[in-house]
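For any residue, its number in this note's numbering is found by taking its place in the sequence shown, counting from 1, and adding 57. Ideal Cβ placement from N, Cα and C applies to all residues, glycine included. None of these values were measured; they are calculated from a predicted model. The structure appears below as structure tokens.
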Amino acid sequence: MLAGLGVVAFSLTFPATAWGLESFGPWSLVALRSVLAALVAGGVLLAARVPLPARRHWAGLAVVGGGVVVGFPLLTTLALQTSTTSHAAVVVGLLPLTTAVLGSLRTGERPSRAFWIAALAGAAVVIAFTVQQSGGALTTGDLYLFGALLVCAAGYTEGGRLARVMPGWQVIGWALVLCLPLAVAGSLVALPLEPVHLNAHGVLGLVWVAAGSTFLGLYVWYRGMAAIGVARASQLQLAQPLLTLVWSFLLLGEELSAAAPVAAVAVLVCIAATQRAGRRTGRRSRTVRSGPGGPS
């Protein structure tokens with residue numbers, strides 16, 4: 058449920074970014090997003106009197122910050138200047154599979170063959186649907202989107218690993234604080250250079266991507282990943298592009314094709330298959346570790 062709540066929060070990121078771009082330039086929006094999220098996170102860390110993380114965790118926190126605090130927001134915001142949110146959902150369609158692969162390599166998780174078959178099938182369904190939605194044409198923002206895919210998968214994987222040794226809210230909190238000096242410097246440079254036209258959409262979009270997507274969304278997401286594993290949690294994101302398309306239809310007036318319900322059912326079947334296969338793998342792994350003579 059926690060990982061699922063994270064997916065719902067993330068699904069609003071692209072529409073909220075499109076709203077934010079009505080008021081701010083891309084560089085200003087990303088910098089202000091990080092500053093606001095870091096101030097929220099820093100305030101919570103101070104109020105809870107959380108001690109600094111151990112030195113060995115700072116490299117992982119830097120990967121989280123570079124991937125999900127700076128890299129993914131910046132690259133997707135630049136892409137949304139030339140791509141619709143529907144087309145940008147392609148990157149989310151590939152993200153679950155990429156995260157599962159990196160998670161297996163980084164954390165040593167070994168999902169079953171059934172898991173990988175279901176994960177590949179889900180990725181294929183989402184890619185086919187989102188490409189069909191965009192007319193099959195590639196945009197100039199696709200390089201940004203593919204770059205965002207890689208850095209975000211790395212940030213998710215490292216954050217899921219760290220969430221096993223510290224609370225998930227502390228993982229994203231310290232990653233945000235670590236990026237705060239860069240975000241402040243970016244704001245000071247970008248705001249004078251890019252026009253600002255404040256309106257209700259722009260302010261709401263900025264607030265959501267800062268507090269909703271970046272802090273609260275990643276908090277529940279990392280807690281969920283720590284509980285069920287990187288690979289299993291990542292496959293819940295197969296639903297994210299379809300949720301994004303629904304939000305884009307409701308909030309931005311983008312078209313939603315008749316194929317959406319069919320794709321939604323297919324994706325839900327694939328998600329159910331990955332979760333079932335993941336549970337079987339987890340039970341089998343615990344049995345092997347315990348063995349007939351007790352825990353090894």
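Where residue i sits in the DSSP three-state scheme
i, result
"Q138", "coil"
"S270", "helix"
"T74", "helix"
"L255", "coil"
"L172", "Checking the sequence, you will find Phe at residue 172 rather than Leu. Helix."
"P108", "coil"
"V127", "helix"
"M282", "helix"
"L293", "helix"
"A315", "coil"
"V121", "helix"
"L69", "coil"
"E215", "helix"
Cβ-Cβ distance between residue i and residue j below 9 angstroms
i, j, result
"Q297", "V64", "yes"
"A66", "S270", "yes"
"V287", "G225", "no"
"A72", "G262", "Per the sequence shown, residue 72 should be read as Pro rather than Ala. Yes, the Cβ-Cβ distance between P72 and G262 is below 9 angstroms."
"V92", "P130", "no"
"A105", "A267", "no"
"F81", "L89", "yes"
"A157", "S244", "no"
"E251", "V121", "no"
"A320", "V182", "yes"
"G12", "G128", "This structure gives no information on residue 12, because the portion of the chain shown stretches from 58 to 353."
"L135", "Y201", "yes"
"G281", "L293", "yes"
"R170", "S161", "no"
"A111", "I285", "no"
When the options are compared against residue i, the one with the closest alpha-carbon
i, options, result
"L62", "F272, A288, A323, F306", "F272"
"P108", "G281, A247, M223, L162", "M223"
"L233", "L69, A119, T74, W84", "A119"
"A145", "L206, A60, L325, G212", "L206"
"M58", "A316, T155, G274", "G274"
"W84", "V208, L137, A211", "L137"
"L307", "R112, S161, V126, S143", "S143"
"A210", "W231, V125, A315", "V125"
"F186", "G150, I229, W173", "G150"
"A330", "G123, T74, F172, A60", "F172"
"G100", "G204, L237, G123, A315", "L237"
"V55", "R333, S161, A316", "With the chain covering only 58 through 353, there is no way to say anything about residue 55."
"V208", "T74, G123, R112", "G123"
Buried or exposed by the 16-neighbour rule on C-beta atoms within 10 Å, applied to residue i
i, result
"G310", "exposed"
"V322", "exposed"
"T133", "buried"
"L152", "buried"
"L154", "buried"
"H114", "buried"
"L302", "buried"
"T139", "exposed"
"G117", "buried"
Contact test: residue i Cβ vs the ligand ATP heavy atom, cutoff 8 angstroms
i, result
"P249", "This structure simply doesn't include the ligand ATP, nor any ligand for that matter."
Same chain, Cβ closer than 6 angstroms to residue i, neighbours up to 5 away in sequence not counted
i, result
"H258", "W76, E79"
"S347", "Note that S347 has pLDDT 43, beneath the 50 cutoff, so the model's placement of it is unreliable and the number below is only indicative. So no residue of the chain qualifies."
Proximal residues to residue i (C-beta, below 8 angstroms), its chain only, five neighbours per side dropped
i, result
"A283", "G217, A220, R221, G225"
"R343", "Confidence in R343 is poor, its pLDDT being 45 and thus under 50, which makes the residue's placement unreliable; the coordinate value appears in the next sentence. So the list is empty, once near-sequence residues are dropped."
Close-in-space but distant-in-sequence residues of the same chain around residue i (CB under 7 angstroms, 5 per side omitted)
i, result
"C327", "A175, A178, G179, V182, L295"
"N256", "E79, S80"
"W265", "L69, A73"
"Y279", "G216, G217, A220, G225, V228, I229"
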